[in-house]
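>
Number of protein chains: 4
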Amino acid sequence: MTDAVDELRRAVCDLHAELVRNDLVAWTSGNVSGRVPGADLFVIKPSGVSYDDLTPESMVVCDLDGTLVDGRHAPSSDTDAHAYVYRNMPGVGGVVHTHSTYATAWAARGEAIPCVLTAMADEFGGEIPVGPFALIGDDSIGRGIVGTLDGHRSPAVLMRNHGVFSIGKDARAAVKAAVMCEDVAKTVHVARQLGEPEPIEPADVDSLYDRYQNAYGQATARAR
Amino acid sequence: MTDAVDELRRAVCDLHAELVRNDLVAWTSGNVSGRVPGADLFVIKPSGVSYDDLTPESMVVCDLDGTLVDGRHAPSSDTDAHAYVYRNMPGVGGVVHTHSTYATAWAARGEAIPCVLTAMADEFGGEIPVGPFALIGDDSIGRGIVGTLDGHRSPAVLMRNHGVFSIGKDARAAVKAAVMCEDVAKTVHVARQLGEPEPIEPADVDSLYDRYQNAYGQATARAR
Amino acid sequence: MTDAVDELRRAVCDLHAELVRNDLVAWTSGNVSGRVPGADLFVIKPSGVSYDDLTPESMVVCDLDGTLVDGRHAPSSDTDAHAYVYRNMPGVGGVVHTHSTYATAWAARGEAIPCVLTAMADEFGGEIPVGPFALIGDDSIGRGIVGTLDGHRSPAVLMRNHGVFSIGKDARAAVKAAVMCEDVAKTVHVARQLGEPEPIEPADVDSLYDRYQNAYGQATARAR
Amino acid sequence: MTDAVDELRRAVCDLHAELVRNDLVAWTSGNVSGRVPGADLFVIKPSGVSYDDLTPESMVVCDLDGTLVDGRHAPSSDTDAHAYVYRNMPGVGGVVHTHSTYATAWAARGEAIPCVLTAMADEFGGEIPVGPFALIGDDSIGRGIVGTLDGHRSPAVLMRNHGVFSIGKDARAAVKAAVMCEDVAKTVHVARQLGEPEPIEPADVDSLYDRYQNAYGQATARAR
Chain P
1 MTDAVDELRR
11 AVCDLHAELV
21 RNDLVAWTSG
31 NVSGRVPGAD
41 LFVIKPSGVS
51 YDDLTPESMV
61 VCDLDGTLVD
71 GRHAPSSDTD
81 AHAYVYRNMP
91 GVGGVVHTHS
101 TYATAWAARG
111 EAIPCVLTAM
121 ADEFGGEIPV
131 GPFALIGDDS
141 IGRGIVGTLD
151 GHRSPAVLMR
161 NHGVFSIGKD
171 ARAAVKAAVM
181 CEDVAKTVHV
191 ARQLGEPEPI
201 EPADVDSLYD
211 RYQNAYGQAT
221 ARAR
Chain W
225 MTDAVDELRR
235 AVCDLHAELV
245 RNDLVAWTSG
255 NVSGRVPGAD
265 LFVIKPSGVS
275 YDDLTPESMV
285 VCDLDGTLVD
295 GRHAPSSDTD
305 AHAYVYRNMP
315 GVGGVVHTHS
325 TYATAWAARG
335 EAIPCVLTAM
345 ADEFGGEIPV
355 GPFALIGDDS
365 IGRGIVGTLD
375 GHRSPAVLMR
385 NHGVFSIGKD
395 ARAAVKAAVM
405 CEDVAKTVHV
415 ARQLGEPEPI
425 EPADVDSLYD
435 RYQNAYGQAT
445 ARAR
Chain H
449 MTDAVDELRR
459 AVCDLHAELV
469 RNDLVAWTSG
479 NVSGRVPGAD
489 LFVIKPSGVS
499 YDDLTPESMV
509 VCDLDGTLVD
519 GRHAPSSDTD
529 AHAYVYRNMP
539 GVGGVVHTHS
549 TYATAWAARG
559 EAIPCVLTAM
569 ADEFGGEIPV
579 GPFALIGDDS
589 IGRGIVGTLD
599 GHRSPAVLMR
609 NHGVFSIGKD
619 ARAAVKAAVM
629 CEDVAKTVHV
639 ARQLGEPEPI
649 EPADVDSLYD
659 RYQNAYGQAT
669 ARAR
Chain U
673 MTDAVDELRR
683 AVCDLHAELV
693 RNDLVAWTSG
703 NVSGRVPGAD
713 LFVIKPSGVS
723 YDDLTPESMV
733 VCDLDGTLVD
743 GRHAPSSDTD
753 AHAYVYRNMP
763 GVGGVVHTHS
773 TYATAWAARG
783 EAIPCVLTAM
793 ADEFGGEIPV
803 GPFALIGDDS
813 IGRGIVGTLD
823 GHRSPAVLMR
833 NHGVFSIGKD
843 ARAAVKAAVM
853 CEDVAKTVHV
863 ARQLGEPEPI
873 EPADVDSLYD
883 RYQNAYGQAT
893 ARAR
């Protein structure tokens with residue numbers, strides 16, 4: 001197991017650089033985690049450490065109750081929410097949390113992002129939904145994420161007054177969903193500033209989603 | 225032919241870095257292609273590969289039906305649209321596709337960008353037009369691009385609910401058109417947020433366009 | 449004392465790079481200072497020197513009246529305001545001043561930023577308040593800062609028609625407050641462009657603030 | 673004279689990197705020039721060359737009629753406007769032209785930027801004025817710049833439907849004015865999106881302007 005954990009520590013560490021590069025985070029406000037294949041464990045960012053100082057070794061390992069199993073640092077303060085998702089959505093292999101600006105602005109109004117872009121139909125299969133307001137400290141945030149995303153096509157949820165949680169088959173897919181969520185959140189925001197975007201027919205949304213999930217990229221099958 | 229293809233693979237690969245640098249793309253969402261001089265072939269980005277991992281060798285070569293002729297990867301999922309443009313617009317040597325934020329916002333509302341900037345008159349010779357909504361999977365997108373741009377001064381079209389396609393005499397010119405399209409899309413958007421921009425007289429637009437296309441830069445003749 | 453001053457010169461110099469990286473400053477318009485531990489002195493940016501040219505040696509040392517004590521350059525033109533804060537808020541170990549875009553826009557309207565984000569409750573414990581309009585040249589700015597922040601949870605104040613001053617237990621904490629101030633200023637601005645953000649209950653704001661100030665990060669106690 | 677010209681070529685070349693770094697330009701759309709001290713000559717960017725490819729040697733030297741005197745490239749297509757300014761404003765040692773987004777948006781509406789920020793009072797001494805619509809090809813643009821800026825405190829003018837021209841005692845000061853122009857154009861735009869900024873009393877604008885022009889920075893006297 002050690003090799004798989006080491007490899008995941010490196011992957012999860014490196015993916016935090018994508019949060020910075022894609023302008024999804026300020027200071028230490030976002031985090032990435034990945035499930036250890038074949039084990040009831042996940043690797044997550046340590047709490048309050050700046051992105052420049054992250055190393056594979058500084059990543060911490062937790063069990064699915066969010067209890068620290070291995071690592072020199074305290075785990076991210078969002079660990080309980082990540083753990084709840086892994087416990088309750090067995091198909092999820094990666095979780096990302098950000099306060100990215102435009103997505104968080106929709107979350108602050110408690111408004112779902114309507115599916116008016118083909119790129120949104122591709123990645124989200126419809127609107128990006130809103131989850132409940134929840135305080136940190138117990139399972140509330142985790143329950144809100146799972147309650148909103150379980151059975152929904154969208155891999156991202158806008159938690160009210162808070163920010164984005166995204167999921168994926170692995171940590172990289174969850175980061176991609178977080179990047180695309182902010183991208184479409186901004187584009188639809190800008191579109192609506194000067195009028196109403198034209199809707200896309202639900203049948204067209206379905207058609208775009210099916211093709212993208214099944215035929216896009218170098219691999220033809222994408223689990224989620 | 226091999227040398228010309230190798231050189232084009234390098235050029236097309238490098239131009240993807242301009243999409244990133246000019247903030248036109250998120251994740252893997254944009255692509256550049258270039259026509260092989262003197263052959264019914266073009267070079268295009270492979271599908272779903274991230275910009276950091278692109279190398280000249282990973283670029284793929286397709287014929288004008290969009291069929292893979294040479295390359296280790298599957299071609300971009302937008303290959304059919306690029307191929308249709310090359311088949312039907314013999315003067316076009318480069319095609320670019322992006323979902324750049326501000327241009328895509330105009331596309332989401334189905335609204336052409338009015339020509340209220342001298343830089344727009346220079347590059348686009350008038351408004352940037354809107355093309356039809358079209359699903360991926362057949363010739364619809366290609367037909368929409370060609371039907372809108374053929375005979376139009378603008379080298380860029382805003383495809384409804386989708387994004388931008390731009391053309392040029394070569395891949396670099398098409399990238400320039402994509403960069404300028406987003407630049408003016410943003411400036412005119414910002415201008416309209418607080419009132420109405422002043423129009424430019426059509427005769428002045430013509431005068432600016434003629435001068436820029438014929439006298440600007442180090443070369444005095446610019447084919448398109 | 450020399451070693452402590454040298455170390456602080458380096459720290460304060462390096463923190464100016466965070467202002468640039470987080471897009472808080474244009475040209476030479478922002479500055480950071482830090483109190484010398486155990487002495488009535490602080491280290492601050494020299495006036496009108498560009499961020500690229502800053503070195504630890506170019507940082508200047510002033511006493512709490514803002515008088516230059518050591519350094520080859522004139523101190524920042526905002527030195528009097530920093531000095532006033534250090535004289536009157538003994539718990540403050542760092543001060544930052546910026547004209548960051550979104551925060552300054554709220555300041556130009558003389559409007560406090562309402563606490564509608566959990567990240568705002570965490571860092572600011574409520575709204576970010578507005579301070580008075582004050583001319584440079586005497587104690588007016590310093591008095592405005594202290595009069596607004598003393599006894600307030602927020603470590604940042606929006607000085608009318610001017611910009612942001614932020615404070616912290618050390619220079620790094622004050623920089624963090626300046627970064628988070630601009631981040632939430634932008635997010636709340638964007639949210640309000642398309643409607644009204646939902647408020648957070650005062651009891652929830654208190655709960656978030658208490659947890660973040662006492663339990664977040666690797667250290668469990670945070671002085672301010 | 674050769675040494676002075678060589679030094680200026682290097683300085684003007686390097687200053688173009690500031691246009692890029694401060695996000696003032698797209699593709700090749702902005703340019704910087706500097707007057708050769710003690711000669712009726714100025715150094716300017718070559719036409720249509722991308723910023724990455726600029727070298728001190730590629731900069732061109734023109735006389736005050738805008739005629740190429742030395743250089744392997746054609747001078748910028750904006751050379752006539754720069755030349756007109758140097759001919760008619762003997763105190764000007766540097767000129768910059770950009771289409772920076774927010775400033776150009778004000779120019780597209782033909783609206784001056786009101787002085788509602790202390791940083792604006794410092795640098796511009798009041799509003800940033802609007803100049804006339806003018807076509808390229810004769811002295812119209814130059815006359816519009818000089819007619820607007822001569823006798824005005826502002827070192828920047830918003831040319832209608834076009835962009836910004838800024839001036840300074842040397843090329844660096846003109847670049848600073850261009851950077852600050854875009855910075856305040858954006859901040860005041862953002863402020864006005866959600867209401868009206870509070871005005872600054874004219875006497876306070878005068879006081880801020882006088883202090884900044886005479887006491888700020890390491891040198892106490894600033895010519896313009």
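Protein chains in written order, with the numbering used here: chain P, 1 to 224; chain W, 225 to 448; chain H, 449 to 672; chain U, 673 to 896. Note that CB positions come from ideal geometry on N, CA and C, so glycine has one too. If you're wondering where the values come from, they're calculated on a predicted model, not measured in any experiment.
(1) In the DSSP assignment, the beta strand (DSSP E) including R435/W goes from what residue to what residue?
(2) Label A522/H either buried or exposed according to how many other C-beta atoms from any shown protein chain fall within 10 Å of its C-beta, with 16 as the threshold for buried.
(3) Taking only beta-carbon positions, decide if G290/W is within less than 8 Å of chain P.
(4) Apart from the five residues on each side of it in sequence, which residues of its chain come closer than 7 Å, Cβ to Cβ, to H16/P?
(5) Taking 8 Å as the threshold (beta carbon to beta carbon), is H413/W in contact with chain P?
(6) Kindly provide the ranges of any beta strand (DSSP E) runs that are 3 or more residues long and lie completely inside the segment 250-303 of chain W, ordered along the chain.
(7) If you draw a straight line from the alpha carbon of I839/U to that of D430/W, how long is it in whole angstroms?
(8) Report the residues of the segment 325-341 of chain W with a CB closer than 8 Å to any CB of chain P, ordered along the chain.
(9) Using DSSP with H/G/I as helix, E/B as strand and the rest coil, what is T444/W?
(10) Check the Cβ-Cβ distances between S477/H and every residue of chain U, and say whether any is below 8 Å.
(11) Does the CB of G137/P have a neighbour CB from chain H at under 8 Å?
(12) I need the boundaries of the beta strand (DSSP E) containing A358/W, first residue and last residue.
(13) With a threshold of 16 other CB atoms inside 10 Å of the CB of P676/H, please say whether the residue is buried or exposed.
(14) What does the alpha-carbon distance come out to for the pair T675/H and V60/P?
(15) Taking Cβ positions only, does A17/P come closer than 8 Å to chain H?
(16) Quickly, what does DSSP pair L830/U with across the bridge? List them, please.
(17) Using the Cα positions of A683/U and E854/U, report the straight-line distance between them to the nearest angstrom.
(18) What whole-angstrom Cβ distance do G368/W and P356/W have, given they're in contact under 8 Å?
(19) Quick one: does Q437/W have its CB under 8 Å from some CB of chain P?
(20) Does the beta-carbon of S33/P, which I'm using as the reference point, lie nearer than 7 Å to any heavy atom of the ligand ATP?
(21) Assuming contact is defined by CB atoms lying nearer than 8 Å, are V130/P and L24/P in contact in what I supplied?
(22) Could you check what DSSP says for H824/U in three-state terms: helix, strand or coil?
(23) Using a Cβ-Cβ cut-off of less than 7 Å, list which residues of the segment 142-165 of chain P approach chain H; keep chain order.
(24) Are the C-beta of H754/U and some C-beta of chain W separated by less than 8 Å?
(25) Among G371/W, G419/W, R435/W, whose alpha-carbon lies nearest the alpha-carbon of N312/W?
(26) Span of the beta strand (DSSP E) holding H547/H?
(27) Using a Cβ-Cβ cutoff of less than 7 Å, which residues in the same chain neighbour P37/P once the five nearest sequence positions on both sides are dropped?
(28) Measuring CB to CB, does G542/H end up less than 8 Å from R483/H?
(29) Let me make sure I understand the geometry here. Which of P786/U, G720/U, N833/U has the alpha-carbon closest to that of A397/W?
(30) Would you call N214/P buried or exposed, if buried means 16 or more other Cβ atoms sit within 10 Å of its Cβ?
(31) Identify the contact partners of R192/P in chain H, using a Cβ-Cβ distance below 7 Å as the criterion.
(32) Just mark G419/W as buried or exposed, buried being the case when its beta carbon has 16 or more other beta carbons within 10 Å.
(33) Assuming E679/U is part of the alpha helix (DSSP H), what are its boundary residues?
(34) Whose Cβ in chain H lies nearer than 9 Å to the Cβ of L880/U?
(35) Which chain H residues are close to H97/P, counting only those with a beta carbon under 8 Å from its beta carbon?
Here's the rundown:
(1) Annotation for R435/W: no beta strand (DSSP E) segment contains it, though the alpha helix (DSSP H) segment containing it runs 426-439.
(2) When all chains shown are included, A522/H counts as buried.
(3) The Cβ of G290/W sits no closer than 8 Å to any Cβ of chain P.
(4) Here the set comprises V32, K45, Y51, L54.
(5) With 8 Å as the cut-off, H413/W counts as an interface residue toward chain P.
(6) DSSP assignment within the segment 250-303 of chain W yields the following whole beta strand (DSSP E) runs of 3 residues or more, N-terminal first: 255-259, 265-268, 284-287, 292-294.
(7) Using only the alpha carbons, I get a separation of about 30 Å.
(8) Taking a C-beta cut-off of 8 Å against chain P, the contacting residues of the segment 325-341 of chain W are T325, Y326, T328, A329, W330, A332, R333, G334, E335, listed in chain order.
(9) With a pLDDT of only 40 at T444/W, under 50, the local geometry of the prediction cannot be trusted, and no value is derived from it.
(10) It does: the Cβ of S477/H has a partner Cβ on chain U nearer than 8 Å.
(11) Look at G137/P: its C-beta is under 8 Å from a C-beta on chain H.
(12) From DSSP, A358/W is part of no beta strand (DSSP E); its letter is neither H nor E.
(13) Residue numbering for chain H in the displayed model covers 449 to 672; residue 676/H lies beyond these limits and cannot be assessed.
(14) Because chain H is modelled from 449 through 672, residue 675/H falls outside the range shown and cannot be assessed.
(15) So, not an interface residue.
(16) Paired residue(s): V802/U, V836/U.
(17) Computed Cα separation, rounded: 22 Å.
(18) P356/W and G368/W do touch by the CB rule: their CB atoms are close to 4 Å apart, below 8 Å.
(19) By this cut-off, Q437/W is not an interface position.
(20) You won't find the ligand ATP in this model; it holds no ligand whatsoever.
(21) Judged by their CB atoms, V130/P and L24/P are not nearer to each other than the 8 Å cut-off.
(22) Three-state result, H824/U: coil.
(23) R160, N161, H162: these are the residues of the segment 142-165 of chain P whose beta carbon lies less than 7 Å from some beta carbon of chain H, given in chain order.
(24) So, not an interface residue.
(25) Of G371/W, G419/W, R435/W, the residue nearest in Cα terms is G371/W.
(26) For H547/H, there is no enclosing beta strand (DSSP E), as DSSP marks it with neither H nor E.
(27) A4.
(28) In this structure, G542/H lies near R483/H, with their beta-carbon atoms less than 8 Å apart.
(29) The candidate whose alpha carbon is nearest that of A397/W is G720/U.
(30) In this structure N214/P is exposed. Its beta-carbon is surrounded by fewer than 16 other beta-carbon atoms within 10 angstroms.
(31) Within chain H, the residues placing a beta-carbon under 7 Å from that of R192/P are L642, ordered along the chain.
(32) Result: exposed.
(33) Run containing E679/U: 674-693, per the alpha helix (DSSP H) assignment.
(34) At a beta-carbon threshold of 9 Å, the residues of chain H lying near L880/U are L583, I584, ordered along the chain.
(35) None at all; the shortest Cβ gap to chain H is about 11 Å.
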